[in-house]
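> Numbering (this note's numbering), first residue to last: 581 to 947. Glycine included, every Cβ here is placed at the ideal spot set by N, Cα and C. Below is a structure I'd like to ask you about.
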Ligand SMILES: Cc1cc2nc3c(=O)[nH]c(=O)nc-3n(C[C@H](O)[C@H](O)[C@H](O)COP(=O)(O)O)c2cc1C
């Protein structure tokens, strides 16, 4: 674990509850990482090596990015590259501002290296996030690395209006991300996962693709999948989305299932309602990456997320078919040095395997 993380964040974070710890991290990082001297300082400690890969016609310095949910309001966009990530995804953003579910709503199962969150897509809403991003661009505080926007469903919108809810947010944020992820799979918004049902899914995708058709520049739109759908449903969702022209998939969101807890502390944390992330999610995330890679014949990029916490878990996701990776939970448990440690390990694995670049390792298990 990095010295700076131990000194700056960890002592305070251990004593307070998970969500407050998170808010403090964000405000600490946004103060540090948003300033040139802070960026320099963080970069000296957390810089990752180069392991370039081209995805969606964009150059990523290496595959590993920040997962959705950490920077919901796009407040610390310059901090993520300074901490070693090659790209970041802000959000989930919804059309309307939302407070989310009552607190406490984020719990750590320490020994299991898992989080349970029941945030309920709390965020300032698409228009407020856009205003923030307009201001950021105006003063040249936009990262040089790729930025994705995660779009969620507004709680107050019924199924009849869900397509326009997603596409309105896409429209509002269009100029403020390089690509978009439609979150149809969060367990914490009632009804959201019904979206994976055929008609709703088609409606959302058509409406978003229609908005894109009205823009002068095309940008990739991806679908984020649930680990709790059956394999058959996942294959069906993949087929439908591919048929409608989706550009890629993110596998996977959090799960409502639970592992057998390793300690009493974990048992209490895991007993809360909400989505589980971290180590116990990894095996199912890999299964989903493999399913989608095979069903899509490797034709569209997959972003692998779920329990990425080491060189082996990252390599596992890439050779299963992921072109890019993301993490959230392992940074909570290990601090930001996890990012450069994983990328260093991937560089080593790529060299040991005799590949000329990490791109050659994508989907290698299936050959
Ligand atoms: C507190 C928290 C909030 C999250 N919020 C979102 C969200 O708004 N949208 C989304 O698509 N995923 C969200 N996620 C899911 C993560 O992006 C990721 O898919 C999941 O945590 C698995 O990765 P991990 O095991 O590395 O944490 C959230 C996760 C956590 C822990």
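What does the Cβ neighbour count give for residue 885, buried or exposed, with the cut at 16 atoms within 10 Å?
Buried, by the Cβ-count rule.
> What residue range does the alpha helix (DSSP H) around residue 896 cover?
Here the alpha helix (DSSP H) through residue 896 covers 891–900.
> Alpha carbon to alpha carbon, how far is residue 852 from residue 846? Give it in angstroms, no decimals.
Cα to Cα, residue 846 sits roughly 10 Å from residue 852.
> Is the beta carbon of residue 861 within less than 7 Å of some heavy atom of ligand 1?
Flag set: Cβ of residue 861 near ligand 1.
> Within the same chain, show all residues whose beta-carbon is closer than 7 Å to that of residue 788, passing over the 5 residues directly before and after it, in chain order.
Only 746, 747, 750, 762 and 801 meet the Cβ criterion.
> In the DSSP output, what is residue 883 paired with across the bridge?
Looking at the DSSP assignment, residue 883 forms a beta bridge with 830 and 904.
> Could you give the residue range of the alpha helix (DSSP H) that holds residue 820?
Here the alpha helix (DSSP H) through residue 820 covers 811–824.
> Work out the CA separation of residue 871 and residue 620 for me, nearest whole Å.
Looking at the two C-alpha atoms, the distance is approximately 41 Å.
> For residue 705, which three-state DSSP category applies?
In this structure, residue 705 counts as coil in the three-state DSSP scheme.
> Drop a sphere of 10 angstroms on the beta-carbon of residue 715, count the other beta-carbons inside from all chains shown, and report buried for 16 or more, exposed for fewer.
It is exposed - the Cβ of residue 715 has fewer than 16 other Cβ atoms within 10 Å.
> Shorter than 8 Å from the beta carbon of residue 639 to some beta carbon of chain D?
In the structure shown, chain D does not exist; there is a single protein chain.
> With a threshold of 16 other CB atoms inside 10 Å of the CB of residue 929, please say whether the residue is buried or exposed.
Classification for residue 929: buried.
> In this structure, how does DSSP classify residue 939 when only helix, strand and coil are distinguished?
Helix at residue 939.
> Counting pairs of beta carbons, one from the region 600–617 and one from the region 895–904, are three or more of them closer than 8 Å?
Touching, no.
> Run through the DSSP bridge pairs and tell me what residue 687 is partnered with.
Answer by DSSP bridge pairing, in chain order: 696.
> Taking only the alpha-carbon atoms, compute the straight-line gap between residue 592 and residue 656 and give it to the nearest angstrom.
With a pLDDT of 45 at residue 592, under the threshold of 50, the modelled position of that residue is not reliable, and the figure given next carries that caveat. In a straight line, the C-alpha of residue 592 is about 20 Å away from that of residue 656.
> Could you compute how far the alpha carbon of residue 615 sits from the alpha carbon of residue 626?
About 16 Å.
> So residue 865 is in the beta strand (DSSP E); what residue range does that whole segment cover?
Run containing residue 865: none in the beta strand (DSSP E); it sits in the alpha helix (DSSP H), 862–875.
> Cutting at 6 Å between CB atoms, please list the residues of its own chain near residue 743, excluding the five before and the five after it.
Correct list, in chain order: 783, 784 and 787.
> Tell me whether residue 718 is buried or exposed, calling it buried when 16 or more other Cβ atoms sit within 10 Å of its Cβ.
Burial call: exposed.
> Could you check what DSSP says for residue 591 in three-state terms: helix, strand or coil?
At residue 591 the pLDDT is 45, less than 50, meaning the model places this residue with poor confidence; the figure from the coordinates comes in the next sentence. In this structure, residue 591 counts as helix in the three-state DSSP scheme.
> Check whether the Cβ atoms of residue 954 and residue 799 lie closer than 8 Å to each other.
The question about residue 954 has no answer here: the residues shown for the chain are numbered 581 through 947.
> Restricting to Cα atoms, I'd like to know which of 860, 926, 923 and 820 is closest to residue 876.
Comparing Cα positions, the closest option is 820.
> Measure the Cβ-Cβ separation of residue 759 and residue 636 and say whether it is below 8 Å.
Yes.
> Name the two residues that bound the continuous beta strand (DSSP E) containing residue 778.
Here residue 778 belongs to no beta strand (DSSP E); instead the alpha helix (DSSP H) covers 778–793.
> What residue from 684, 888 and 874 has the CA that sits closest to residue 865's CA?
Of 684, 888 and 874, the residue nearest in Cα terms is 888.
> Per DSSP, what kind of secondary structure is residue 804 in: helix, strand or coil?
The answer is strand: DSSP assigns residue 804 an E or B state.
> With a threshold of 7 Å (Cβ to nearest heavy atom), would residue 763 be considered close to ligand 1?
Yes, Cβ of residue 763 sits closer than 7 Å to a heavy atom of ligand 1.
> From 728, 937, 857 and 767, pick the residue whose C-alpha is nearest to that of residue 666; which is it?
Among 728, 937, 857 and 767, the Cα nearest to that of residue 666 is on 728.
> Give me the Cα-Cα distance between residue 739 and residue 624, rounded to the nearest whole angstrom.
C-alpha separation (whole angstroms): 48 Å.
> Excluding the 5 residues preceding and the 5 following residue 808 in the sequence, name in chain order all residues of the same chain whose CB lies nearer than 6 Å to its CB.
Here the set comprises 835 and 836.
> With distance defined between alpha-carbon atoms, name the residue in 654, 598, 638 and 822 nearest to residue 684.
Of the listed residues, the one whose Cα sits closest to residue 684 is 598.
> Straight-line CA distance for residue 873 to residue 926?
Looking at the two C-alpha atoms, the distance is approximately 20 Å.
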